[in-house]
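Protein chains in written order, with the working numbering: chain A, 1 to 473; chain B, 1001 to 1106.
Note that CB positions come from ideal geometry on N, CA and C, so glycine has one too.
Keep in mind that this is a model prediction, so the values were computed, not measured.
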Amino acid sequence: MTVFEFVVGSLYLAAATLFVVGLHNMRTPSNARAGNLISAGGMVIAVLTTVVFSIVDGGGTWLGWGALVVGGALGGVYGALRARTVKMTDIPQLVSIFNAVGGGAAAAVACATFVLHANGAELDPTTSIPIVLDVFIGSITFSGSLIAAGKLQGVIPGQPITFPGSRIVNVLVIAIAVGAGVLTLLSTHSILLLLIVFVASLIFGVLMVLPIGGADAPVIVSLLNAFTGLAVAMAGFAINNQALIIAGALVGAAGTILTLQMANAMNRSVVSIILGGFGTSDSASSTGPGDQDLTNIRQLTVDDVAIQLAYAQRVLIVPGYGLAAAQAQHEVAELAKLLIGHGVDVKYAIHPVAGRMPGHMNVLLAEANVPYDQMLQLDEANVAFDNCDVALVVGANDVCNPDARKPGNAVSGMPILDADHARSVVVMKRSMRPGYAGLNNPLFTDPQTGMFFADAKKGLADIAVAVKEYVSA
Amino acid sequence: MMQTLFGNLAIFVLALLVGVEVISKIPSTLHTPMMSGANAIHGVVVAGAVVTASFANSPIGYVLTFVAGALAAANVFGGYVVTDRMLKMFTRPMTAPTASAKKDAS
């Protein structure tokens, strides 16, 4: 080992350490930004080290470096622009697009390594196997993430897209991809075979995500995040670069954990989401709402809600997907500020999957200047409900369905917010339409509950105006 | 060759375990920025693109370098910028409750 190699190795180790320390700092909101900057510092070290090492070790041609610089500049500008302009409600799509490009880049690196070594003829299996795996996983991630982003953005219809015999086609495509991959390894090391792996994997990525419903798309984004991590780690094996291996493994772990937590919070198994065998909830939603007894609903007016809130001591706001969809985070924060100014204790009870991905609601509220100590997580919130005068449910449904405590339905066992433990409940929804699980929610017909039918954005603004009257009077 | 492979495999497995350990301690409040931050970390594939650039010696090699560079750079720049944008909001100084109370009451 030369001194140069020692320095390069040490710097990679430093970069990897900074990645871990950076993630570690994301445990508390106040340190999280510093954590991200630490991780970015690790990135700078890793990339600069690689640049110096590659120039000394390989040299390269002007054309090669030129292609990198031009491509990097274009991609970097695109990424930074999108990141600066994206609306906070559209974060899940953007994360998905960054997954796609990460996976695509990893696949491209693997292909380039393969081509360099005379189409793999001189490749050792310890290199060629990661290359094939990288192309396989990276391509699936690339096309799959783009489809998922399209679904979240609404460019591609959110409902599951299936066609007769889709299962057989899936199996066929994956068999082609795996078969071509094995042949690439075993026999000729031909670029044509690797190309078949690439194309078949791309098609499989599309087929895998198309049958998944829009509401499940965030789970898939998280899963594809793990895939990208694996693809990057495989690229690391292919070019023998530890920075890629470690970073890829970290992301793989992050994506996997988040996927499992999300599936758990939605009361679904990851397998059932991927298999898209989700006809069950669709049929439930078409039959469900009819049999709810609507006569027991107590409808509230703006003034009713305003009085209840203004004279409460403790209010818990339960924001749900409807609030995110209506982009009403600023209105809800405005109302809360008004009440807090009036001496009411207002907190937010946030379900882990409120919004469009885990923690998304926290980001939206943070955007509306809500301090994070007002946001209660599931466990804290459920303690607070017992002592709460009014629970204001805005555009949330399944996450506070008390039926989850009973066995034998689609939400059984799902962790919920105990909004029904509050002394009174105000539910703000556009209609009685059931939520994602397609179930009736007994909370809505509970005697202590009043329904206020309105669009979240307009309704909250109206309530705020009405509350202002009581506050100033 | 085997030694390199097992060295790398050990690093991979240990990094996975460290990842599980670190990530599972992150509260759900921060899951979106964490995922976005992890997203930025896999932008390290840009280092892979750099290596590709150093050995590219054929037209197809140049094209692949260009593609890898563009995609990876979008990933790494976009990932860090958007994560920072989100986390900046979380650390914003809290509005003093007394001041807002006065303003709203008046």
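Cβ-based neighbour list, residue i, same chain, cut-off 7 Å, excluding 5 preceding and 5 following
i	result
residue 323/A	329, 332, 394, 395, 456
residue 1065/B	1049, 1052, 1053, 1056
residue 312/A	344, 389, 390
residue 258/A	222, 358
residue 233/A	244, 245, 248, 249, 252
residue 76/A	none
residue 263/A	219, 269, 270, 273
residue 327/A	89, 457
residue 210/A	147, 161
residue 420/A	402, 443, 446
residue 86/A	94
residue 158/A	151, 213, 214
C-alpha distance - residue i paired with residue j, whole-angstrom precision
i	j	result
residue 416/A	residue 351/A	7 Å
residue 412/A	residue 310/A	35 Å
residue 1074/B	residue 51/A	18 Å
residue 1067/B	residue 114/A	15 Å
residue 154/A	residue 148/A	10 Å
residue 425/A	residue 380/A	18 Å
residue 278/A	residue 435/A	Caution applies to residue 278/A, whose pLDDT of 39 falls short of 50 and renders its modelled position unreliable; the value that the coordinates give is listed next. Distance between the alpha carbons of residue 278/A and residue 435/A is about 15 Å.
residue 1031/B	residue 122/A	44 Å
residue 41/A	residue 34/A	10 Å
residue 448/A	residue 438/A	23 Å
residue 289/A	residue 432/A	Because the pLDDT of residue 289/A is 43, which lies under 50, any placement of that residue in the model is unreliable, and the number read from its coordinates should be weighed accordingly. Spanning the two alpha carbons is a distance of roughly 8 Å.
residue 377/A	residue 261/A	14 Å
residue 217/A	residue 1072/B	23 Å
residue 339/A	residue 93/A	34 Å
residue 32/A	residue 367/A	15 Å
residue 1002/B	residue 1046/B	26 Å
residue 1015/B	residue 319/A	36 Å
residue 240/A	residue 404/A	49 Å
residue 78/A	residue 1078/B	8 Å
Other residues of its chain near residue i: CB distance less than 6 Å, five sequence neighbours each side excluded
i	result
residue 224/A	99, 141, 144, 145
residue 230/A	137, 252
residue 317/A	348, 392
residue 423/A	389
residue 170/A	207
residue 370/A	333
residue 18/A	38, 41, 42
Residue burial classification, residue i (beta-carbon count within 10 angstroms, cutoff 16)
i	result
residue 418/A	buried
residue 484/A	Not covered by the structure: residue 484/A. The range shown for chain A is 1 to 473.
residue 62/A	exposed
residue 82/A	buried
residue 356/A	buried
residue 1008/B	buried
residue 164/A	exposed
residue 271/A	exposed
residue 387/A	exposed
residue 96/A	buried
residue 478/A	The structure shown does not extend to residue 478/A, since chain A is modelled only from 1 through 473, so no value can be given for it.
residue 139/A	buried
residue 398/A	buried
residue 440/A	buried
residue 383/A	exposed
residue 335/A	buried
residue 107/A	buried
Cβ separation of residue i and residue j, assumed to be a contact under 8 Å, to the nearest whole Å
i	j	result
residue 88/A	residue 363/A	6 Å
residue 1041/B	residue 27/A	Incorrect: roughly 16 Å between the Cβ atoms, too far for contact.
residue 306/A	residue 463/A	5 Å
residue 428/A	residue 454/A	6 Å
residue 402/A	residue 443/A	6 Å
residue 298/A	residue 450/A	5 Å
residue 214/A	residue 152/A	7 Å
residue 130/A	residue 237/A	4 Å
Neighbour list for residue i in chain B, Cβ cutoff strictly below 9 Å
i	result
residue 166/A	Chain B residues near residue 166/A: none, gap ~29 Å exceeds 9 Å.
residue 357/A	1031, 1032, 1035
residue 352/A	1028, 1031
8 Å Cβ shell around residue i - same chain, five flanking residues per side excluded
i	result
residue 254/A	23, 225, 226, 229
residue 176/A	196, 200
Neighbour list for residue i in chain B, Cβ cutoff strictly below 7 Å
i	result
residue 65/A	1053
residue 111/A	1064
residue 78/A	1074
residue 372/A	1029, 1090
residue 24/A	1022
residue 204/A	Chain B residues near residue 204/A: none, gap ~19 Å exceeds 7 Å.
residue 19/A	1041
Chain B contact residues for residue i, given Cβ-Cβ distances below 8 Å
i	result
residue 375/A	1029
residue 240/A	1004, 1008
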